[in-house]
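All remarks here apply to the structure that follows.
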Amino acid sequence: MRRIIAIVLAVFLIGGVAAAVVAGREDQDSSTATKTVQGVIGSEKAEFFADPDVVKALAARGYTVETETSGSWAMEGLDLKGYDFAFPSSQAPAAELASKYHVRQPLPRPFYSPLVVVAHRTAAEVLADNGLAVLGDKGGGEGGGEEGGDDTGNGTLSMKAYLKAAQGNRTWQQLKGTQDHGELTGTLFISTTDPTSSNSGALYLAAASYVADGGRVADGTAAVDRTAPLMRKLISVQGSQQTSTDAAFRDFVSGVGNPLVLVYESQVAALLAGDQGGGEKGDDDLVVLYPDTTANSDHTVVPLTAEGRALGELLGTDKELRRLAVRHGFRPQGAADEFTAATDAHTTYLNQTLTGVRQVPVPASKVLHEMARRARDQD
Numbered sequence: 004m005r006r007i008i009a010i011v012l013a014v015f016l017i018g019g020v021a022a023a024v025v026a027g028r029e030d031q032d033s034s035t036a037t038k039t040v041q042g043v044i045g046s047e048k049a050e051f052f053a054d055p056d057v058v059k060a061l062a063a064r065g066y067t068v069e070t071e072t073s074g075s076w077a078m079e080g081l082d083l084k085g086y087d088f089a090f091p092s093s094q095a096p097a098a099e100l101a102s103k104y105h106v107r108q109p110l111p112r113p114f115y116s117p118l119v120v121v122a123h124r125t126a127a128e129v130l131a132d133n134g135l136a137v138l139g140d141k142g143g144g145e146g147g148g149e150e151g152g153d154d155t156g157n158g159t160l161s162m163k164a165y166l167k168a169a170q171g172n173r174t175w176q177q178l179k180g181t182q183d184h185g186e187l188t189g190t191l192f193i194s195t196t197d198p199t200s201s202n203s204g205a206l207y208l209a210a211a212s213y214v215a216d217g218g219r220v221a222d223g224t225a226a227v228d229r230t231a232p233l234m235r236k237l238i239s240v241q242g243s244q245q246t247s248t249d250a251a252f253r254d255f256v257s258g259v260g261n262p263l264v265l266v267y268e269s270q271v272a273a274l275l276a277g278d279q280g281g282g283e284k285g286d287d288d289l290v291v292l293y294p295d296t297t298a299n300s301d302h303t304v305v306p307l308t309a310e311g312r313a314l315g316e317l318l319g320t321d322k323e324l325r326r327l328a329v330r331h332g333f334r335p336q337g338a339a340d341e342f343t344a345a346t347d348a349h350t351t352y353l354n355q356t357l358t359g360v361r362q363v364p365v366p367a368s369k370v371l372h373e374m375a376r377r378a379r380d381q382d
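Its first residue numbered 4, the sequence shown is counted upward by one per residue in our numbering.
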């Protein structure tokens, strides 16, 4: 009997040890397993989330991120049930989504990017010769460029002078210095994305309307009425518009389309760093013009689940993920020195401190929607 009891106890003991080993393995597996989170993002962040180093860094922190792209304003029309987060390109569409899905504040804002106008060198030099831009380190201003070109790859676009030219239907041929540049023909305009669906196009109108209305932020229908004819002109002259800056920027780099295109600084910075396979075509033909009055694009996460919020906060607090965001051209919130250090080799093209650039408030979402709709209305 004692022998039988001893055998039974031994079996239970061995079984207990085996169970403990299995439980330990399960705990270890669960601690290293990744959570899959799904989100809808602006196209300008697609390269970031597809970067193998970003994928690896997120996996090391327990996340597998699956994304789909959409215009930032177009996200409002999507059914986001089943997604963990939305990641539009600025606070205005993010606020709309947060209200629609009853998301608690604050919303994570891991990084931002100024809007810039990329220009071919001859176009930038003509703008400078005609008082619409200032090239190099000569500072911003409300007109009055220096005579002649400059070897720099960046400058400041005078929004006041540009809007005056747009109001007067100026053509490239009416500007001095274009006679030897057959590619500079037709109406002078900046190509943008569709403001009714894309964040960059809407922010362009926000900044332009601010300047056109004497430094006032549009606060209702009366304000929209005052600038609607000019805003319509800025959009209608473009004809068909892209729905994303990603496509517009790739066209510009390949030499297709208009010589002046509104994009995000992050796209330029990533190109210069080689992250977008950017062109041997040459940075020699690239000039980056920073509008002297603009609205920054604060990339804002709208968490739809707890996992989405945790991911959004991680993007802003994790040093390695911030480093990778900078590699893709984004400026981390509250960490200007990280962007400055990473882009020191590209100061010919990038205005690291945004000297001469005035950041203006963005109208409320409802007002901006109305402004964009009126600008697109051809009736």
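All residues carry an ideal CB built from backbone N, CA and C; glycine is no exception.
Worksheet item: Considering only residues of the same chain and omitting the five flanking positions on each side of E323, which have a CB-CB separation below 7 Å?
Response: A60
Item to complete: Would you grab the beta carbon distance between L394 and L265 for me? Rounded to a whole angstrom, and I think it's under 8 Å.
Response: Absent from the model: residue 394. The displayed extent of the chain is 4 to 382, so no value can be given.
Practice prompt. Find the nearest neighbour of E71 within the set L138, A62, A63 and G85, judged by alpha-carbon distance.
Written response: G85
Discussion item. Just to confirm before moving on: does the CB-CB distance between T305 and A89 stay below 8 Å?
Written reply: Checking the displayed sequence, the identity of residue 305 turns out to be Val instead of Thr. Their beta carbons are under 8 Å apart, which means V305 touches A89 by this criterion.
Worksheet item: Where do the N-terminal and C-terminal ends of the alpha helix (DSSP H) with D249 fall, by residue?
Response: T248 to V256
Discussion item. Tell me which residues share the same chain as S247 and place their Cβ nearer than 8 Å to its Cβ, disregarding the 5 neighbours each side in the sequence.
Written reply: G45, S46, E47, T72, G74, T196 and S201
Practice prompt. To the nearest angstrom, report how far apart T2 and E316 are at their CA atoms.
Written response: Lying outside 4 to 382, the shown extent of the chain, residue 2 is not represented and no answer is given.
Worksheet item: Thinking C-alpha only, which one of E341, L208 and L100 is nearest L307?
Response: L100
Discussion item. Give me the DSSP bridge partner(s) of P157.
Written reply: The residue you asked about is not Pro; residue 157 is Asn in the sequence shown. DSSP output for N157 lists V291 as bridge partner(s).
Worksheet item: Is the beta carbon of R334 less than 8 Å from the beta carbon of Y115?
Response: yes
Worksheet item: What is the residue span of the beta strand (DSSP E) that Y115 lies within?
Response: F114 to S116
Worksheet item: Does the Cβ of Q245 have 16 or more other Cβ atoms within 10 Å, making it buried, or fewer, making it exposed?
Response: buried
Worksheet item: So, using beta-carbon positions, are G272 and H349 closer together than 8 Å?
Response: The sequence given here has Ala at residue 272, not Gly. The answer is yes: Cβ separation under 8 Å.
Item to complete: Could you pull out every residue in the same chain whose Cβ sits closer than 6 Å to the Cβ of Q94, ignoring the five residues on either side in sequence?
Response: D301 and T303
Fill in: Residue span of the beta strand (DSSP E) that contains S73, given as start and end
It is not in any beta strand (DSSP E) - S73 carries neither H nor E in the DSSP assignment.
Worksheet entry | Close-in-space but distant-in-sequence residues of the same chain around A136 (CB under 7 Å, 5 per side omitted) | A127, L130, G148, G158, T159, L160, S161 and L292
Worksheet item: With DSSP run on the structure shown, which of helix, strand or coil describes R229?
Response: helix
Worksheet item: Are A375 and P113 closer than 8 Å when you measure CB to CB?
Response: no
Discussion item. Can you tell me where the beta strand (DSSP E) holding H302 begins and where it ends?
Written reply: S300 to H302
Worksheet item: By how many angstroms is the C-alpha of Y207 removed from the C-alpha of D132?
Response: 24 Å
Worksheet item: Can you give the Cα-Cα distance for A221 and P55, rounded to whole angstroms?
Response: 42 Å
Worksheet item: Quick one: what's got a C-beta closer than 6 Å to R235's C-beta in the same chain, skipping five residues either side?
Response: A378
Practice prompt. Answer with buried or exposed for T320, where buried requires no fewer than 16 other C-beta atoms within 10 angstroms of its C-beta.
Written response: exposed
Item to complete: For V290, count neighbouring C-beta atoms within 10 Å of its own C-beta (all shown protein chains included) and say buried if the count is 16 or more, exposed if not.
Response: buried
Discussion item. If you follow the beta strand (DSSP E) that G319 is in, where does it begin and where does it stop?
Written reply: It is not in any beta strand (DSSP E) - G319 instead sits in the alpha helix (DSSP H) that spans A309 to T320.
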